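Chains as they are written, first to last, in the working numbering: chain A, 815 to 925; chain Z, 132 to 244. Even glycine gets a Cβ: it sits at the ideal position worked out from N, Cα and C. The structure displayed is predicted, hence computed values, not measured ones. The structure appears below as structure tokens.
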Amino acid sequence: DAKTTQPTSMDCAEGRAANLPCNHSTISGNEYVYWYRQIHSQGPQYIIHGLKNNETNEMASLIITEDRKSSTLILPHATLRDTAVYYCIVRKGGSNYQLIWGAGTKLIIKP
Amino acid sequence: DAGITQSPRHKVTETGTPVTLRCHQTENHRYMYWYRQDPGHGLRLIHYSYGVKDTDKGEVSDGYSVSRSKTEDFLLTLESATSSQTSVYFCAISDPGAVTEAFFGQGTRLTVV
Numbered sequence: 815d816a817k818t819t820q821p822t823s824m825d826c827a828e829g830r831a832a833n834l835p836c837n838h839s840t841i842s843g844n845e846y847v848y849w850y851r852q853i854h855s856q857g858p859q860y861i862i863h864g865l866k867n868n869e870t871n872e873m874a875s876l877i878i879t880e881d882r883k884s885s886t887l888i889l890p891h892a893t894l895r896d897t898a899v900y901y902c903i904v905r906k907g908g909s910n911y912q913l914i915w916g917a918g919t920k921l922i923i924k925p
Numbered sequence: 132d133a134g135i136t137q138s139p140r141h142k143v144t145e146t147g148t149p150v151t152l153r154c155h156q157t158e159n160h161r162y163m164y165w166y167r168q169d170p171g172h173g174l175r176l177i178h179y180s181y182g183v184k185d186t187d188k189g190e191v192s193d194g195y196s197v198s199r200s201k202t203e204d205f206l207l208t209l210e211s212a213t214s215s216q217t218s219v220y221f222c223a224i225s226d227p228g229a230v231t232e233a234f235f236g237q238g239t240r241l242t243v244v
């Protein structure tokens with residue numbers, strides 16, 4: 815599975831959009847991009863995933879560049895409860911859900 | 132929230148003692164996983180199961196064994212705990228498929244003294 819590179823930490827003002835970048839330059843054609851977050855040492859929580867098209871759900875939007883070498887997770891109106899570590903992961907489709915986790919981005923939402 | 136329960140949630144044990152952690156699910160998901168997480172790091176896969184009595188090793192399986200005798204239960208055993216196994220352990224479940232999400236338990240904090 816391809817590796818990902820994320821900034822170690824980011825700040826965002828409450829109510830503003832939080833944009834979290836991820837580089838995955840070695841991603842292959844059958845690998846999906848997944849985002850999870852972990853709030854204060856709780857179990858990780860799934861946010862969103864995509865293959866090549868942009869995706870949106872009730873939590874966030876995922877923007878994947880045309881060459882698929884990078885992506886951005888967007889939290890449209892960040893709240894204090896969005897303070898967490900955000901993990902960008904790439905994995906092949908298939909039945910085995912082995913995820914290779916990096917250190918993620920610590921996102922701090924400031925009042 | 133997905134029905135995943137880990138027990139115990141916290142445990143302190145002595146070096147050399149056996150320890151068993153339990154993961155119980157009520158979702159009837161086929162796949163179950165054990166991860167460990169150490170400070171400042173992401174999760175690392177220890178073992179996973181793709182069905183009753185079907186298990187396989189992950190990237191950090193040394194010193195750990197697992198068993199799955201029922202769909203709903205996945206046990207992680209440290210045969211002889213060492214201080215390097217002090218960690219937070221997470222169980223996860225998923226269903227087969229190309230793009231399914233995984234659901235995680237709340238974790239077990241294990242301290243080996």
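Can you tell me which of Z:164, Z:160, Z:174 puts its alpha carbon nearest to the alpha carbon of residue 914 (chain A)?
Nearest option by C-alpha distance: Z:174.
Kindly give me the distance between the Cβ atoms of residue 828 (chain A) and residue 890 (chain A), rounded to whole angstroms, as I take these residues to be in contact under 8 Å.
Contact flag wrong, Cβ pair sits at about 13 Å.
Mind pulling the chain Z residues with CB within less than 8 Å of residue 929 (chain A)?
Chain A is shown only over 815 to 925; residue 929 (chain A) falls outside these bounds and no answer can be derived.
Using a Cβ cut-off of 8 Å (strictly closer), state whether residue 842 (chain A) contacts chain Z.
So, not an interface residue.
Taking just the CA atoms, how far does residue 208 (chain Z) sit from residue 151 (chain Z)?
Roughly 4 Å between the two C-alpha positions.
Note the first and the last residue of the continuous beta strand (DSSP E) segment covering residue 144 (chain Z).
Unbroken beta strand (DSSP E) run through residue 144 (chain Z): 141–144.
Taking 6 Å as the limit between beta carbons, can you name the residues of its chain near residue 821 (chain A), skipping five residues before and five after?
Within the same chain, residue 821 (chain A) has close Cβ partners 919.
Starting from residue 219 (chain Z), find everything on chain A with Cβ-Cβ shorter than 9 Å and list it in chain order.
By Cβ distance, chain A contributes 855.
Whose C-beta lies closer than 8 Å to the C-beta of residue 823 (chain A) among residues of the same chain, with five residues either side of it excluded?
Counting only Cβ-Cβ distances below 8 Å, and skipping sequence neighbours, we find 919, 920, 921, 922.
Mind listing which residues of the region 869–902 of chain A have their C-beta closer than 8 Å to chain Z's C-betas, in chain order?
From the region 869–902 of chain A, only 901 have a Cβ closer than 8 Å to chain Z.
Pull the bridge partners of residue 861 (chain A) from the DSSP assignment, please.
Partner(s): none; residue 861 (chain A) has no beta bridge.
Decide if residue 241 (chain Z) is buried, meaning its Cβ has at least 16 other Cβ atoms within 10 Å, or exposed.
Counting Cβ neighbours within 10 Å, residue 241 (chain Z) comes out buried, since at least 16 surround it.
Could you tell me whether the region 199–207 of chain Z touches the region 159–178 of chain Z, using the rule of 3 or more Cβ pairs below 8 Å?
Taking 8 Å as the limit for Cβ pairs, the verdict is that the region 159–178 of chain Z does touch the region 199–207 of chain Z.
If the cut-off is 9 Å on Cβ atoms, which residues from the region 178–202 of chain Z count as contacting chain A, listed in chain order?
Answer set for the region 178–202 of chain Z: 179, 181, 187, 189, 190.
Answer yes or no: do residue 851 (chain A) and residue 899 (chain A) have a C-beta to C-beta separation smaller than 8 Å?
The answer is yes: Cβ separation under 8 Å.
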